[in-house]
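What follows is a single structure, written as structure tokens, with notes after it.
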RNA sequence: GCGGGUGUAGCUCAGUGGUAGAGCAUCACGUUGCCAACGUGAUGGUCGUGGGUUCGAGUCCCAUCACCCGCUCCA
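Numbering (my numbering), first residue to last: 252 to 900.
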């Protein structure tokens with residue numbers, strides 16, 4: 252069973268040196284994390300596994316490592332400066348926050364739309380030649396107010412109508428129905444800085460000239476280097492470029508530990524292919540390449556130990572596609588606490604980006620891609636195809652994965668708690684009595700809740716306004732509204748079944764109590780929880796079943812007795828022998844059982860114990876993490892055997 | 001920004017207006033023949049911060065800061 256909460260992972264990561272909160276001595280800084288000794292090992296392994304898979308094991312890929320700080324022009328022409336932002340608006344009445352472009356406009360023909368149209372006519376807004384015009388109050392240089400007609404903008408008329416109507420307080424809040432909005436604020440997600448000595452006033456020509464952005468995605472530096480890589484490595488389309496590196500986004504709502512952070516690391520590929528019109532019979536189309544990469548990437552995750560029941564492919568709807576994409580399929584992992592979350596996106600970006608950065612692009616293509624002519628660029632990112640005898644701007648398929656998210660995924664997937672010994676009957680029997688008491692209480696509470704419900708159903712036949720009043724009354728009177736009879740019944744059934752299997756089911760009961768917040772509101776159940784946990788704690792081991800390639804420490808070496816000079820010497824010698832080839836850890840600071848448990852918790856695949864027999868025949872105990880099985884291995888064979896079993900040879 | 005929650009030892013947390021605690025972890029010494037052993041001792045705190053009430057504040061009041069959860073988003 253994988254991790255049941257992000258909290259478990261966060262605690263383990265902090266306790267064992269994977270991940271620490273950033274700037275902790277000063278109270279922390281939202282959403283920035285420092286990777287500790289084990290974290291940096293694991294990140295490195297994830298990146299190496301990816302690089303090996305997409306660069307070394309293919310014959311159509313090259314690598315790249317571009318600069319993080321990038322000219323403002325790159326992001327102007329990629330579309331990020333204008334569109335990589337969220338338009339936010341708050342309802343002043345109910346304080347809900349919305350993305351303004353997510354509030355739906357009532358469909359034409361409906362009564363609400365007719366009403367809105369009528370009110371638009373009487374407002375500062377009107378539609379003129381299919382464009383929205385807004386009368387805005389402006390101040391001139393002398394502070395005198397006047398009304399000025401402002402064209403709200405080109406493009407998607409619905410969008411502008413909606414924004415205009417929000418600004419004019421005409422569109423009702425989807426939640427409370429009021430029409431009282433704050434200003435729409437565009438929140439650009441890019442971090443900016445300045446290169447060289449800087450004029451301080453924002454928006455001045457000097458400031459704009461020196462402004463740079465920390466890249467919000469690594470992709471653009473690959474596009475900027477398309478021709479360099481193609482020419483210097485003499486590549487022919489189709490080929491791809493892989494890059495691993497940090498990216499930065501000033502997210503409005505980061506969270507869920509390292510799932511969404513403001514500084515993160517990406518593993519991205521831009522795979523350059525023929526545009527559809529040049530594809531010959533028997534060659535792959537953009538759609539086929541897209542499909543192939545989706546499957547190839549999906550299998551990579553499975554190969555590193557992710558269970559297929561917790562990894563899915565999900566094609567994005569038209570509405571959620573990014574401005575550059577023709578189609579995108581997300582790979583999503585089933586995380587604890589927050590459910591399915593994207594760990595990789597495979598996008599068909601067409602020729603949008605390379606065209607956007609090119610000086611010379613045919614007018615028809617600009618129109619198709621909704622691009623303006625690029626007057627800043629000195630290059631055209633095209634390619635001469637000697638087979639097709641044509642010069643074209645390639646299309647791209649972009650598989651883009653998060654390193655940080657991959658780490659969280661692998662940690663959640665690898666996390667296991669196991670009952671390694673059964674508690675004594677003397678301790679289990681009183682527990683059974685308490686469980687019975689808790690069940691009895693839960694059933695009583697369920698009955699009460701049922702009764703309350705029946706009562707509250709009576710006034711529901713009255714008018715809607717009255718019903719609201721009654722509900723409000725109920726909310727204050729009913730001190731435990733979370734008691735859902737059906738949920739309690741299910742909880743009781745599960746608890747009873749598990750009780751019958753005690754002591755083997757001790758851990759399951761612990762998990763059940765943990766995951767059932769509704770049931771935990773019951774007093775006897777609450778009291779039960781720490782008792783079960785305490786008993787379980789003594790009998791459980793936490794083990795990270797990480798794929799050996801990802802484990803931060805590969806082998807731990809222990810002397811069975813630390814004040815036995817002969818044993819200690821051999822253990823040190825083995826440590827020195829293996830150290831150049833793999834990350835090893837020597838530990839003699841506790842009893843042997845505890846040393847094993849420590850290594851289990853950080854996912855170390857193998858432990859070596861040097862004992863008295865070693866001094867006689869030069870063999871050691873090799874203990875395997877998942878099975879806890881031991882075998883005797885000659886010291887001379889250790890390196891070879893380990894390299895093999897760690898998939899390093 | 002808004003709502004809710006939390007701030008006491010490295011971690012998990014007790015703490016009734018009156019001498020700041022426990023368990024775990026860490027370190028030292030001793031002990032220890034394979035799955036979270038034991039003994040003895042030690043380190044570690046301006047109780048998030050600032051103000052107020054009080055003879056006296058971890059505890060009551062006010063302010064403030066930080067973090068967590070949600071108001072989602074896409075690596």
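Backbone N, C-alpha and C define an ideal beta-carbon position, used for all residues, glycine too. Keep in mind it's a predicted model, so treat the numbers as computed, not measured.
(message) Using 8 Å as the threshold, is the C-beta distance between residue 497 and residue 297 below it?
(response) no
(request) Just the C-alpha distance for residue 490 and residue 313, rounded to the nearest angstrom, thanks. (result) 8 Å
(request) Spatial neighbours of residue 802 within its chain, please: CB distance less than 7 Å, with the 5 preceding and 5 following residues excluded, ordered by chain position. (result) 854, 855 and 856
(message) Alpha carbons only, please: which of 798, 308, 528 and 479 is nearest the one belonging to residue 616?
(response) 528
(message) Taking the alpha helix (DSSP H) that residue 604 belongs to, which residues open and close that run?
(response) 603–607
(message) Cutting at 6 Å between CB atoms, please list the residues of its own chain near residue 756, excluding the five before and the five after it.
(response) 749
(message) If contact is defined by three or more beta carbon pairs under 8 Å, each pair taking one atom from either stretch, is the region 572–579 in contact with the region 592–610?
(response) yes
(message) Could you give the first and the last residue of the continuous alpha helix (DSSP H) run that contains residue 473?
(response) 470–475
(message) Using only the alpha-carbon positions, how far apart do residue 667 and residue 879 sit?
(response) 14 Å
(message) Among the candidates 762, 553, 885 and 740, whose CA atom is the shortest distance from the CA of residue 783?
(response) 762
(message) Spatial neighbours of residue 256 within its chain, please: C-beta separation below 7 Å, excluding the five flanking residues on both sides.
(response) 587 and 588
(message) If you reduce the DSSP assignment to three classes, tell me which class residue 293 lands in.
(response) helix
(request) Have a look at the DSSP bridge pairing and note the partners of residue 580. (result) 566 and 597
(request) Note the first and the last residue of the continuous alpha helix (DSSP H) segment covering residue 665. (result) 654–665
(message) Spatial neighbours of residue 540 within its chain, please: C-beta separation below 6 Å, excluding the five flanking residues on both sides.
(response) 524 and 648
(message) Can you tell me where the alpha helix (DSSP H) holding residue 547 begins and where it ends?
(response) 537–554
(request) To the nearest angstrom, report how far apart residue 300 and residue 294 are at their CA atoms. (result) 10 Å
(message) Using CA atoms only, rank isn't needed, just tell me which of 895, 798, 810 and 830 is closest to residue 877.
(response) 798
(request) Helix, strand or coil for residue 509, going by three-state DSSP, please let me know. (result) coil
(message) For the pair the region 802–819 and the region 858–873, tell me if three or more CB-CB distances fall below 8 Å.
(response) yes
(message) Rounding to the nearest angstrom, what Cα-Cα distance links residue 886 and residue 825 in this structure?
(response) 8 Å
(message) I need the DSSP call for residue 853, collapsed to helix, strand or coil.
(response) coil
(message) Which of the three DSSP states is assigned to residue 261 in this structure?
(response) helix
(request) Following the continuous alpha helix (DSSP H) through residue 458, name the residue where it begins and the one where it ends. (result) 456–461
(request) Examine the Cβ distances between the region 655–671 and the region 257–277 and report whether three or more of them are shorter than 8 Å. (result) yes
(request) Quick one: measure Cβ to Cβ for residue 474 and residue 605, integer angstroms, because I've assumed they're closer than 8 Å. (result) 6 Å
(message) Am I right that residue 902 and residue 282 are in contact with their C-beta atoms under 8 Å? What's the rounded C-beta distance?
(response) Coverage of the chain is limited to positions 252 through 900, which leaves residue 902 absent and any answer about it impossible.
(request) Give the straight-line distance between the Cα atoms of residue 737 and residue 693, rounded to the nearest whole angstrom. (result) 11 Å
(message) Just list the residues that DSSP pairs residue 783 with in beta bridges.
(response) Bridge partners of residue 783: none, in fact.
(request) Check the DSSP bridge columns for residue 694 and list the partner residues they point to. (result) None, per the DSSP bridge assignment.
(request) Select from 636, 698 and 517 the residue whose C-alpha is nearest the C-alpha of residue 658. (result) 517
(request) State the Cα-Cα distance for the pair residue 465 and residue 502, rounded to the nearest angstrom. (result) 13 Å
(request) Please look up how many angstroms separate the CB atoms of residue 330 and residue 697, rounded, as I've assumed it's under 8 Å. (result) Not really, about 56 Å apart at Cβ, beyond 8 Å.
(request) Determine the direct distance from the alpha carbon of residue 476 to that of residue 463, and round the result to whole angstroms. (result) 18 Å
(message) So, for residue 753: in the same chain, excluding its five sequence neighbours on each side, which residues have a beta-carbon less than 7 Å away from its beta-carbon?
(response) 679 and 683
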